Every structure is written in structure tokens, then in C-alpha cells.
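In full-length UniProt numbering, the protein residues as written are 1 to 107.
Even glycine gets a Cβ: it sits at the ideal position worked out from N, Cα and C.
Source: prediction; values computed, not measured.
Okay, structure first, notes after.
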């Protein structure tokens with residue numbers, strides 16, 4: 001995946017209230033029959049994770065895809081799974097960066 005990135009731009013996550021609003025906006029687009037989520041409670045919980053708007057959108061769309069693949073209504077568990085995998089990926093990238101720095105590698 002990383003080999004396809006030519007330029008990485010970083011955007012700081014917005015404040016928690018803004019993140020909550022972004023989550024509310026996305027969660028509000030799911031028809032009731034396709035969701036098992038209590039929107040306000042989920043938005044409050046999900047907003048605690050420091051993501052920027054693009055990362056929230058990607059997490060939301062990935063969770064929706066997982067739910068459709070499983071032929072299940074979107075559940076908080078789908079979103080939590082996506083966020084856990086994302087965190088593990090970020091941890092791996094960070095660890096790789098640290099390892100290269102310790103070894104003095106610049107590639």
C-alpha cells in the first residue's frame with residue numbers, strides 16, 4: 001500500500017466536537033433498516049479517536065463495506081474493527097520509522 005503513495009500530506013485532527021459532528025453526519029446517512037447503531041452514542045464514542053475528516057470518511061466507508069459483505073446492518077463493532085486495524089497499521093509504520101532511525105537508514 002505504502003508503495004503507491006507519492007506524497008503524504010498530514011492533516012491534524014479537528015477538536016473532539018468537530019469530530020463528533022463529522023461522525024454524526026456520516027452515521028446519519030445510513031437508513032434505519034441498514035443500521036444497528038445508536039447514532040448519538042456511537043458518535044460520542046467514535047469522536048474520542050483522533051482522526052481527521054478524511055480518515056473518518058475512510059473508516060466509515062470501510063465499515064459500511066464490511067457490513068454489506070457480511071449481509072449485516074452496520075454495527076458499532078464494524079467501525080471499532082476498522083479503527084483497531086487502522087491503529088495497528090499506524091503502530092507498524094511508526095515502529096518501522098523508529099527502526100530505520102535507530103539503524104541510521106534514510107530510505
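DSSP three-state call for residue 51: helix, strand or coil? For this step, residue 51 is matched to residue 51 along the chain shown. Residue 51: coil per DSSP, three-state reduction.
Rounding to the nearest angstrom, what Cα-Cα distance links residue 54 and residue 92 in this structure? If you number the chain shown from 1, residue 54 lands on position 54. If you number the chain shown from 1, residue 92 lands on position 92. If I take the Cα positions, the gap works out to 20 angstroms.
Here's the rule: buried if 16 or more other CB atoms are within 10 angstroms of the residue's CB, otherwise exposed. What is residue 78? In the chain shown, counting from the first residue as 1, residue 78 sits at position 78. It counts as buried.
DSSP beta-bridge partners for residue 74? The residue given as residue 74 occupies position 74 in the chain shown. BP columns for residue 74 point to 35.
With residue 74 and residue 57 assumed to form a contact (beta carbons below 8 angstroms), what rounded beta-carbon distance in angstroms separates them? Mapped onto the chain shown, residue 74 falls at position 74. Mapped onto the chain shown, residue 57 falls at position 57. About 15 angstroms separates the two Cβ atoms, so there is no contact after all.
Which same chain residues end up closer than 7 angstroms to residue 83 when comparing Cβ atoms and leaving out the 5 residues on each side of it in sequence? Within the chain shown, numbered from 1, the residue matching residue 83 stands at position 83. These residues qualify, in order along the chain: 49 and 59.
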